[in-house]
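See structure below.
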Amino acid sequence: MDFRSLSNPQKSIVGDMLGGEKIKELVPGAEKIGRSPGIGETGIDDLYKVNKPGVDYIIVEYKFGASKLKGTVDGMQMSDDWLRGANTGYDRILESVNGSQKVADSVDAALRAGRVEKWLVHTDPFGQVTVGVLDKNGKFIPNPAQASKIIGGGG
Numbered sequence: 001m002d003f004r005s006l007s008n009p010q011k012s013i014v015g016d017m018l019g020g021e022k023i024k025e026l027v028p029g030a031e032k033i034g035r036s037p038g039i040g041e042t043g044i045d046d047l048y049k050v051n052k053p054g055v056d057y058i059i060v061e062y063k064f065g066a067s068k069l070k071g072t073v074d075g076m077q078m079s080d081d082w083l084r085g086a087n088t089g090y091d092r093i094l095e096s097v098n099g100s101q102k103v104a105d106s107v108d109a110a111l112r113a114g115r116v117e118k119w120l121v122h123t124d125p126f127g128q129v130t131v132g133v134l135d136k137n138g139k140f141i142p143n144p145a146q147a148s149k150i151i152g153g154g155g
């Protein structure tokens with residue numbers, strides 16, 4: 001398929017849909033427990049609870065085509081500071097789980113313990129989906145198969 005002629009909102013929807021299918025393929029049984037309020041809105045795109053050795057949650061950002069992670073007042077999108085709202089107080093984890101402080105605290109504790117994987121799921125204009133793993137600063141970790149306990153089969 002060729003999605004190049006779609007509008008940006010349509011591309012966002014395609015990226016979320018195809019990316020979500022990739023998550024299901026890589027992590028069967030993952031339970032979606034959080035999501036941004038809507039397509040094109042700021043915040044965590046998807047948050048999954050997983051039952052894998054060494055990993056309790058996966059935080060996902062979907063991107064399509066040339067779309068990239070952005071720097072914000074809270075730091076790079078998908079960085080630990082961005083997730084917690086280090087400068088603004090805007091707790092994106094809490095927002096993602098619809099204000100459930102108990103769940104947000106569990107995710108934050110897992111993040112601090114290194115039991116959260118952050119994935120950038122990218123869909124190209126032809127529908128090919130790839131997954132990158134991000135570090136605490138929202139930067140790509142080379143070789144996602146080695147960086148991930150899930151993608152690399154270490155889980």
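The sequence shown begins at 1 in the UniProt record's numbering and counts up one residue at a time.
All C-beta atoms in this analysis are idealised placements derived from N, C-alpha and C, irrespective of residue type, glycine included.
Just how far apart, CA to CA, sit residue i and residue j?
| i | j | result |
| --- | --- | --- |
| G155 | V73 | Low confidence applies here, because G155 scores a pLDDT of 42, under 50, leaving its location unreliable and the question unanswered by this model. |
| I141 | L6 | 30 Å |
| G152 | G20 | 19 Å |
| S79 | K22 | 22 Å |
| D91 | R115 | 19 Å |
| R112 | S36 | 22 Å |
| A109 | G99 | 16 Å |
| M1 | V55 | 34 Å |
| K68 | Q128 | 16 Å |
| E117 | R4 | 30 Å |
| G43 | G34 | 10 Å |
Determine the DSSP secondary structure at residue i, reduced to helix, strand or coil.
| i | result |
| --- | --- |
| G15 | helix |
| V133 | strand |
| K22 | helix |
| L111 | helix |
| L120 | strand |
| L69 | coil |
| L6 | coil |
| I33 | strand |
| D46 | strand |
| I93 | helix |
| D74 | coil |
| V103 | helix |
I believe residue i touches residue j by the beta-carbon criterion, under 8 Å. Please report the beta-carbon distance rounded to the nearest angstrom.
| i | j | result |
| --- | --- | --- |
| G65 | P9 | So it is not a contact: roughly 13 Å between Cβ atoms. |
| Q77 | G138 | 6 Å |
| Y48 | K63 | Contact doesn't hold; Cβ gap of about 17 Å is too wide. |
| V60 | D46 | 4 Å |
Just to confirm my understanding: we take residue i, look at its own chain, exclude 5 residues before and 5 after, and list those with CB closer than 6 Å. What are they?
| i | result |
| --- | --- |
| V107 | Y57, I93 |
| A104 | I93, L94, V97 |
| K132 | Lys is not the amino acid found at residue 132; the sequence shown has Gly there. Excluding residues within five positions, the ones whose Cβ falls inside 6 Å are L120, F140, P144. |
Give me, in chain order, the residues of the same chain whose beta-carbon lies closer than 7 Å to that of residue i; leave out the 5 immediate sequence neighbours on both sides.
| i | result |
| --- | --- |
| T130 | H122 |
| G15 | Y62, K63, F64, T123 |
| G71 | none |
Near residue i, which residues of its chain fall below 8 Å by C-beta distance, leaving aside the five closest residues on each side in sequence?
| i | result |
| --- | --- |
| N51 | G29 |
Original post:
Counting Cβ pairs closer than 8 Å, one from the segment 21-30 and one from the segment 84-93, do we hit at least three?
Top reply: no
**OP:** Would you check if the segment 131-147 and the segment 91-103 touch, i.e. whether three or more CB-CB distances between them fall below 8 Å?
**Re:** no
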